[in-house]
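Report on the structure given below.
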Amino acid sequence: MEEQIAAEITAERVRRVAQGFTDAKGRKVPGLGGGFQFCRLSDEPLFSDLTEEQKNELLKDADGTLPFSLANALRLRRPFVIVDEAHNSRTELAFDTLAKFKPAGIMELTATPDTQKTPSNVLHAVSAVELKREQMIKLPIELEVEPDEQRCLALAIDQREQLNQAAIQEQRKGRSYIRPLVLIQSEPKSRNRETRHAEWVKNELMTNQNIPEEEIVIATGSERGLEALEEKYAGGIFSEKCPVKFVITQKALAEGWDCAFAYVLVSMAGIRSATAEEQLLGRILRQPRAEHRTTEALNRSYAFVVSHDFGETAAALRDSLVKTAGFNRHDAAEFVAALKPEQARLDLSRGRIRFTPVEVKVSEELNLSAISRPTRRKLNWNKKSKTLMFTAPLSEASFFLQTATRKFYPDFVCKLKDGRILIVEYKGADRWKNAEPDRLVGQLWEELSDGSGLFVMITEKRWGDIRAKF
């Protein structure tokens, strides 16, 4: 600091030096915040020959003395402050620290500006479409779900190998070097249950997937594998000499790490909501060198998620893009696609589906604890009235019949003891007149089933029509 004040001051340095806070709880360290008496911006020390007007603008200690602190050095210069990742600087401590610098202006840069507690004044926003047009991000994100953890990893490994072969071919034609990386989100360790934690994933890669140990790095709160790569190779993980192809983490990479070589995200824990874990999604979007590649596969990102439900996972992925990556709803709907065509038909989350809750009277007591948690969240059991309410479709892959204009989801589908499938649709009196398309497609389905299917549509509690089918 003898020559000049550093042009770039990180939030951590500001917090520690300006007021002497050593942690987020606001604990002060005596003596810090001073020591800038001989700080120079010219030939003379910064604090020499101050006018009374200047002194009145500076911060003072409790006893009235004027400390030669970083805060006062900055107050004299009235800097224009640029806050990167501004969504992390929304606390009272952060605002108080910035105010003490008396900045001429503050510019915030963030993909997710605060719109609730301390709203940002958004002057300009850039859409995902614009970033894609400028060749800055890899889109769409091609999603595949697989309930088996080992197979999910195998699929991701195969995808990485395909991308790597394409990158090698392009490099032979003069394009820049790329080594596609797989970013694997592991689960945290638990004393109460078996989890797919970082060491489990590493062992799985080495033992069952035949991945050499030198191609794997763990980057968690306790293991800093990426920092070791910076020390070992010039350029760190970007170095052509670096062998790493798989990065295992939990959420340590959610902030501050961006590697354009990251193409594939594997989530062992599934994607359920836009939390810190899902911020990892943004780490696979950056386009290497902001250059569109000749091979279209290298212009896309890939996500493999341990899950049974494609529709729910796709919806959560889109929510994550909106809440943690700054996408708008329309862009998020367009830029998440199924890697497998057969899974694409299960993706109903592009539009919002209106679902009217259905109540069913049950004569016996129900034990919902035996039902899986995802399904249980869609049920509401009223013990007093013995009524079971379905508050959402139990599966995005529910049985439907396709009419000329829409998908028709019957109310009840069951398998009879003789193996036949019975479909029952109940229409209220107010909807009976407009039910002709559903009735016709149901009757056609019954005819084409060659005796293995029965379809009946009823109204006004005409339960006898169901018995008549037998």
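The numbering of the sequence shown is my numbering, which starts it at 5 and goes up by one. Built from N, CA and C at the ideal position, the CB exists for glycine as well.
Contact under 9 Å by Cβ, residue 311 with residue 285: Residue mapping note: residue 311 aligns to position 307 of the sequence shown, counting from 1. Residue mapping note: residue 285 aligns to position 281 of the sequence shown, counting from 1. Against a cut-off of 9 Å, the Cβ pair of residue 285 and residue 311 comes out as no contact.
For residue 290 and residue 131, the rounded distance between their alpha carbons: Numbered from 1 along the sequence shown, position 127 holds the residue referred to as residue 131. Numbered from 1 along the sequence shown, position 286 holds the residue referred to as residue 290. When rounded, the distance between both Cα atoms is 14 Å.
Helix, strand or coil at residue 58 [DSSP, three-state]: For the purposes of this step, residue 58 is taken as residue 54 along the sequence shown, with counting starting at 1. In this structure, residue 58 counts as helix in the three-state DSSP scheme.
With 16 other Cβ atoms within 10 Å as the buried cut-off, status of residue 142: Within the sequence shown, residue 142 is the residue found at index 138, counting from 1. When all chains shown are included, residue 142 counts as buried.
CB of residue 71 within 9 Å of CB of residue 107, strictly: The residue given as residue 71 occupies position 67 in the sequence shown. The residue given as residue 107 occupies position 103 in the sequence shown. No; because the gap between Cβ atoms is not below 9 Å, this pair is not in contact.
Best match in 74, 67, 97 for proximity to residue 50 [C-alpha to C-alpha]: Numbered from 1 along the sequence shown, position 46 holds the residue referred to as residue 50. Closest by alpha carbon: 74.
Span of the beta strand (DSSP E), counted from its first residue to its last, around residue 145: Numbered from its first residue, the sequence shown carries residue 145 at position 141. Note, residue 145: beta strand (DSSP E), 145-149.
Residues that DSSP places opposite residue 112 in a beta bridge: In the sequence shown, residue 112 corresponds to position 108, counting from 1. Per DSSP, 87.
Residue 463 versus residue 392 - alpha carbon distance: Mapped onto the sequence shown, residue 463 falls at position 459. Mapped onto the sequence shown, residue 392 falls at position 388. The alpha-carbon atoms of residue 463 and residue 392 are separated by roughly 21 Å.
Straight-line Cα distance separating residue 273 from residue 152: Reading the sequence shown from its first residue, position 148 is the one you call residue 152. Reading the sequence shown from its first residue, position 269 is the one you call residue 273. When rounded, the distance between both Cα atoms is 12 Å.
C-alpha gap between residue 159 and residue 136, whole angstroms: Numbered from 1 along the sequence shown, position 155 holds the residue referred to as residue 159. Numbered from 1 along the sequence shown, position 132 holds the residue referred to as residue 136. The alpha-carbon atoms of residue 159 and residue 136 are separated by roughly 26 Å.
Chain-order list of residues whose beta-carbon lies under 7 Å from that of residue 233 (same chain, five-residue window excluded): Along the sequence shown, one-based indexing puts residue 233 at 229. Same-chain partners within the cutoff: 221, 240, 241, 246, 248.
Exposure label - residue 187; buried when at least 16 CB within 10 Å: For the purposes of this step, residue 187 is identified with residue 183 of the sequence shown, where counting begins at 1. With 16 or more Cβ atoms within 10 Å of its Cβ, residue 187 is classed as buried.
Own chain residues within Cβ distance below 6 Å of residue 168, not counting five before or after: Here residue 168 refers to the residue found at position 164 of the sequence shown. Result list for residue 168: 184, in chain order.
Sheet register partners of residue 523 (DSSP bridge): Absent from the structure is residue 523, since the part of the chain shown begins at 5 and ends at 474.
Exposure of residue 126, with buried meaning 16 or more beta-carbon neighbours within 10 Å: The count along the sequence shown starts at 1 and reaches residue 126 at position 122. Per the 10 Å Cβ criterion, exposed.
Expected contact under 8 Å - CB spacing of residue 79 and residue 61 to nearest Å: Indexing the sequence shown from 1 puts residue 79 at position 75. Indexing the sequence shown from 1 puts residue 61 at position 57. Their Cβ separation, rounded to whole angstroms, is 6 Å, which keeps residue 79 and residue 61 in contact under 8 Å.
Residues near residue 191 in its chain [Cβ-Cβ closer than 7 Å; skip 5 each side]: The residue you call residue 191 lines up with position 187 of the sequence shown. The answer, listed in chain order, is 199, 200, 201, 272, 273.
Helix, strand or coil at residue 189 according to DSSP, with G and I counted as helix: Within the sequence shown, numbered from 1, the residue matching residue 189 stands at position 185. Residue state, collapsed to three classes: strand.
Euclidean distance between Cα positions of residue 101 and residue 157: In the sequence shown, the residue the question calls residue 101 occupies position 97. In the sequence shown, the residue the question calls residue 157 occupies position 153. For residue 101 and residue 157, the distance between alpha carbons rounds to 45 Å.
Residue 250 versus residue 210 - alpha carbon distance: In the sequence shown, counting from the first residue as 1, residue 250 sits at position 246. In the sequence shown, counting from the first residue as 1, residue 210 sits at position 206. Approximately 11 Å, taken between the alpha carbons.
Straight-line gap, residue 445 to residue 307 (C-alpha atoms, nearest Å): Here residue 445 is taken as the residue at index 441 of the sequence shown, counted from 1. Here residue 307 is taken as the residue at index 303 of the sequence shown, counted from 1. Looking at the two C-alpha atoms, the distance is approximately 37 Å.
Residue 133 versus residue 205 - alpha carbon distance: Mapped onto the sequence shown, residue 133 falls at position 129. Mapped onto the sequence shown, residue 205 falls at position 201. Their backbone Cα atoms lie some 35 Å apart in a straight line.
Alpha-carbon spacing of residue 467 relative to residue 378, whole angstroms: Residue 467 sits at position 463 when you count from the first residue of the sequence shown. Residue 378 sits at position 374 when you count from the first residue of the sequence shown. Distance between the alpha carbons of residue 467 and residue 378 is about 32 Å.
Classification of residue 266 by the beta-carbon crowding that lies within 10 angstroms, buried from 16 upward: Start at 1 with the first residue of the sequence shown, and residue 266 comes out as number 262. Counting Cβ neighbours within 10 Å, residue 266 comes out buried, since at least 16 surround it.
At least 3 beta-carbon pairs within less than 8 Å: the segment 409-416 vs the segment 429-449: yes
Alpha helix (DSSP H) segments (min. 4 residues) lying fully within the segment 190-276: 202-211, 229-236
Residue 407 versus residue 375: straight-line alpha-carbon distance, rounded: The residue labelled residue 407 in the question sits at position 403 within the sequence shown. The residue labelled residue 375 in the question sits at position 371 within the sequence shown. For residue 407 and residue 375, the distance between alpha carbons rounds to 33 Å.
Proximal residues to residue 365 (C-beta, below 7 Å), its chain only, five neighbours per side dropped: Against the sequence shown, residue 365 aligns to sequence position 361. Closer than 7 Å at Cβ, skipping near neighbours: 390, 391.
Where the alpha helix (DSSP H) containing residue 135 begins and where it ends: Numbered from 1 along the sequence shown, position 131 holds the residue referred to as residue 135. It spans 132-137 - the alpha helix (DSSP H) in which residue 135 sits, taken as one unbroken run.
Rounded separation between residue 111 and residue 244 - CA only: For the purposes of this step, residue 111 is taken as residue 107 along the sequence shown, with counting starting at 1. For the purposes of this step, residue 244 is taken as residue 240 along the sequence shown, with counting starting at 1. The alpha-carbon atoms of residue 111 and residue 244 are separated by roughly 37 Å.
Helix, strand or coil at residue 436 [DSSP, three-state]: The residue labelled residue 436 in the question sits at position 432 within the sequence shown. Of the three classes helix, strand and coil, the one that applies to residue 436 here is helix, per DSSP.
Burial state of residue 164 (16 or more Cβ within 10 Å): Walking along the sequence shown from the start, residue 164 turns up at place 160. By the 10 Å Cβ count, residue 164 comes out buried.
Reference residue 309, options 147, 114, 97, closest by Cα: Within the sequence shown, residue 309 is the residue found at index 305, counting from 1. Out of 147, 114, 97, 147 has the C-alpha closest to the C-alpha of residue 309.
Within 9 Å, strictly: CB atoms of residue 99 and residue 116: Position 95 of the sequence shown holds residue 99. Position 112 of the sequence shown holds residue 116. Cβ atoms of residue 99 and residue 116: not closer than 9 Å.
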